[in-house]
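>
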Amino acid sequence: TRNKNMCINCAEDTRTPGAPVVASVVKSVVMAKLQGFDFWNKTLKAARFVVAPMVDQSELAWRLLSRRHGAQLCYTPMLHAQVFVRDANYRRENLYSEVCEEDRPLITQFCANDPEVFLEAALLAQDYCDAIDLNLGCPQMIAKRGHYGAFLQDEWELLEKMIKLANEKLSVPITCKIRVFKEIEKTVAYARMLERAGCQLLTVHGRTKDQKGAMTGIASWEHIKAVRQAVNIPVFANGNIQHLSDVERCIQETGVQGVMSAEGNLHNPALFEGHNPPVWEMAEEYLEVVKQHPPCTLSYVRAHLFKLWHHTLQLHHDLREELAKVKNLEGLADVSKKLRLRCQEEIAKGNDAEEKQGSLPFPHWICQPYVRPMPKEPIVNGQRQLSKVKKAVCQKRALEDSDGSAEMLSKNKQKKRSRNPNKNFCLDQKPKYIRCEQCGNPKGNKCVFNLCRGCCKKKSYKEVADCPSYTKHLLFWWCWPLSLWISGDCSVPCGCSGFLDLLWSALWVTGQGSLNPLTRVANYIILTLTK
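At the far end of the sequence shown sits residue 531, using UniProt numbering, and the numbering has no gaps.
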């Protein structure tokens with residue numbers, strides 16, 4: 001596959017006019033591709049403090065803010081290789097428009113499960129970064145559905161092919177970010193396989209793919225240490241990083257070349273400085289960077305403010321609601337300003353000690369890590385074990401009491417109940433419908449054929465049958481000859497006698513001597529016409 005932006009043989013820039021040009025582009029092509037520790041030392045400048053790739057969170061503005069406060073290497077958000085290849089807007093919005101001299105060194109991360117697609121995406125991106133990273137660590141359900149991330153860790157043959165092909169064809173090094181297996185030996189073998197395939201730098205997240213959400217748990221630095229001792233390429237550690245002291249301790253215990261932070265960085269961008277500034281300082285500085293480097297998606301900015309103000313918003317629910325509803329950047333800045341003023345009022349009143357609640361090491365207006373609470377129920381094989389009583393009531397949403405009252409209904413169900421006061425929402429009290437014999441839909445309550453409305457209508461027309469539950473079906477049999485006679489259609493027998501023959505036939509079929517209303521109406525019409 002040939003890089004569309006760069007001629008590899010002559011190192012001539014063939015991009016369209018107006019495309020952003022990076023000074024190191026030609027240099028990266030002309031010079032021999034660096035590998036392993038040479039790549040880490042020279043290209044990445046021996047980076048030790050690394051900001052993780054985070055979907056919708058590690059955008060340009062946040063990367064620049066993190067670099068101002070000690071980060072030495074950043075990753076782009078995870079990009080979908082297939083979408084990156086086919087969608088020019090996706091490429092421009094997520095990489096091409098974010099070219100900035102201050103934002104180097106930079107590694108672009110892709111998720112992929114096809115060697116050719118991954119290579120094509122990497123070729124389109126290699127001129128705008130210093131390395132290409134393959135995501136083999138995402139444990140989320142979307143990764144399982146898309147068959148990428150940590151859900152590829154058992155397909156070693158495929159991964160070896162992907163890494164080998166990219167290493168041969170790209171002008172920049174290929175790196176990987178992985179999660180560990182439960183067994184240290186298997187994790188080490190996994191890392192060695194990636195190294196043999198051509199991986200030049202390995203980031204190891206010390207959790208398994210099952211450790212996520214409420215079951216996140218503690219990352220295993222023991223696994224990371226074993227990998228570092230087994231491979232001959234630089235290794236970054238990821239997991240359990242909340243303070244600068246954690247970074248230093250991790251490097252000492254595992255021997256890794258660098259440490260990557262994700263959630264710790266989101267709650268405190270100054271983590272790598274060993275500083276815990278007031279939240280409003282980081283929020284205002286971030287908003288200023290966003291204004292200096294437009295465009296930045298509003299949802300990204302909102303999410304960052306929610307992370308920064310997380311502990312404060314637990315106390316100021318009105319501003320939390322307002323932050324969720326504002327529609328522009330100015331509105332977000334206004335809410336952040338209101339939060340700052342409230343915090344400063346609390347400080348002026350001397351509430352520092354009072355506001356240091358729970359397990360927080362600092363008052364809520366100070367940047368500090370968020371510690372995910374451990375589940376109260378025991379965990380066996382990655383599954384929370386609920387008691388039988390709790391299983392009956394501890395659902396994602398409590399639906400309702402046993403008596404059908406609305407006290408435990410969700411807000412959406414309460415709204416539905418208020419809009420439909422006569423509707424029965426209790427499943428146990430709802431009538432059980434008999435299924436139609438043909439299609440399985442609920443049958444009509446009065447249908448003599450045990451069919452639904454649609455099937456009964458078809459049967460009545462096709463078999464010239466009568467069902468008293470749907471009287472409008474009978475309109476066809478006596479209105480049809482009447483409409484034809486009135487319209488003067490030449491296909492209808494001429495004269496009153498021909499029409500009466502048709503109408504009497506319809507009466508015989510539909511009524512068959514019965515005194516139903518339609519029979520009486522049709523009989524009256526015939527007598528009137530006869531007179």
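Note that the Cβ used here is the ideal one computed from N, Cα and C, for glycine as well.
1) How would you write the range of the beta strand (DSSP E) that I107 sits in, first residue to last?
2) Which two residues bound the contiguous beta strand (DSSP E) that contains R179?
3) Let me know the secondary structure DSSP gives R435 once reduced to three states.
4) Going along the chain, which residues of its own chain have a beta-carbon closer than 7 Å to the beta-carbon of G264, five neighbours each way excluded?
5) At what residues does the alpha helix (DSSP H) containing H304 begin and finish?
6) Ordered along the chain, which non-local residues of its own chain (more than five positions away) have a Cβ less than 6 Å from that of M78?
7) Would you call the region 88-106 and the region 145-164 touching, i.e. three or more CB-CB distances under 8 Å?
8) Pick out whichever of I233, A226 and A219 has its Cα sitting closest to the Cα of D246.
9) Is DSSP giving D210 helix, strand or coil here?
10) Could you check what DSSP says for N94 in three-state terms: helix, strand or coil?
11) How would you call C439, buried or exposed, if buried means at least 16 neighbouring beta carbons within 10 angstroms?
12) So, at 6 Å on beta carbons, what are the nonlocal neighbours of D13 in its own chain, with the 5 sequence-adjacent residues on each side left out?
13) Taking the C-alpha atoms as reference points, what is the distance between G274 and N412?
14) Give the secondary structure of Y75 by DSSP, where H, G and I count as helix, E and B as strand, and everything else as coil.
15) Measure the CB-CB distance between E284 and R192 and report whether it falls below 9 Å.
16) Could you tell me the distance, in whole angstroms, from the CA atom of L44 to the CA atom of D130?
17) For H80, list the residues DSSP reports as bridge partners.
18) Could you check how far apart the C-beta atoms of K225 and E253 are, in whole angstroms? I think they sit under 8 Å.
19) What's the gap between the Cα of W40 and the Cα of A61?
20) Using beta-carbon positions only, say whether V235 and T203 come within less than 9 Å of one another.
21) Hey, would you say I174 sits closer than 9 Å to A122, going by beta carbons?
22) Quick check on R372: buried or exposed, where buried means 16 or more other Cβ atoms within 10 Å of its Cβ?
23) Counting only runs of 3+ residues fully inside the region 245-333, write out the beta strand (DSSP E) ranges in chain order.
24) Should the region 79-87 be called in touch with the region 323-331, which here means at least 3 C-beta pairs below 8 Å?
25) Judging by CA-CA distance, which residue of H311, C452, Q229 and A125 is the nearest neighbour of H267?
26) So is the beta-carbon of R340 under 8 Å away from any non-hydrogen atom of the ligand HEM?
27) Buried or exposed: which applies to H317, given that a residue is buried once 16 or more other Cβ atoms fall within 10 Å of its Cβ?
28) For the alpha helix (DSSP H) containing T187, name the first residue and the last one.
29) Going by DSSP, name the residue or residues bridged to T203.
30) To the nearest angstrom, how far is the alpha carbon of P115 from that of H223?
31) Buried or exposed: where does Q153 fall if 16 or more other Cβ atoms within 10 Å of its Cβ makes it buried?
32) Suppose you measure from the CA of E168 to the CA of G198; what does that come to, to the nearest Å?
Taking the coordinates as given:
1) L106 to C111
2) I174 to R179
3) strand
4) I241, Q242, L271 and P369
5) Per DSSP, H304 is one residue of the alpha helix (DSSP H) stretching across L298 to L308.
6) P53, V55, Q109, C111 and N135
7) Contact between the region 88-106 and the region 145-164 is absent, because fewer than three Cβ pairs lie under 8 Å.
8) A219
9) coil
10) helix
11) exposed
12) In this prediction, D13 scores a pLDDT of 41, lower than 50, which makes its location untrustworthy; no coordinate-derived value is stated.
13) Computed Cα separation, rounded: 45 Å.
14) strand
15) No, Cβ-Cβ distance for E284 and R192 is not below 9 Å.
16) 8 Å
17) C111
18) 7 Å
19) 24 Å
20) Yes, they are a contact pair.
21) yes
22) exposed
23) 258-261
24) They do not touch, by the three-pair rule.
25) H311
26) No copy of the ligand HEM appears in this structure; indeed no ligand is present at all.
27) exposed
28) I184 to A197 is the extent of the alpha helix (DSSP H) around T187.
29) K177 and F236
30) 28 Å
31) buried
32) 8 Å
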